[in-house]
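Read through the structure below, which is laid out as structure tokens, and then see the notes.
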């Protein structure tokens, strides 16, 4: 019984570590997506800022592709 309990604790610890690592890996692209979406919102209607708005969309696309790679 004690061995089974110890194995269960070990599995629980491994699962917690996995979830923590996955959360950390997803946080960076999510922060980038959020930040560049806000920049896009600011720049999209400003005269002369279309290129910066387009750059924001490119960063959003790249970050979302990175997230897709992480979860596949």
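In the working numbering, the protein residues as written are 9 to 80. All C-beta atoms, glycine included, are put in the ideal place defined by N, C-alpha and C.
Just the C-alpha distance for residue i and residue j, rounded to the nearest angstrom, thanks.
i: residue 44; j: residue 57; result: 14 Å
i: residue 7; j: residue 16; result: With the chain running from 9 to 80 in the structure shown, residue 7 is simply not present.
Can you tell me which of the three DSSP states residue i falls into?
i: residue 10; result: helix
i: residue 25; result: helix
i: residue 37; result: helix
i: residue 50; result: helix
Where does the unbroken alpha helix (DSSP H) through residue i begin, and where does it stop?
i: residue 73; result: 58-79
Shortest alpha-carbon distance to residue i belongs to which of the options?
i: residue 79; options: 26, 48, 18, 66; result: 26
i: residue 63; options: 48, 72, 73, 38; result: 48
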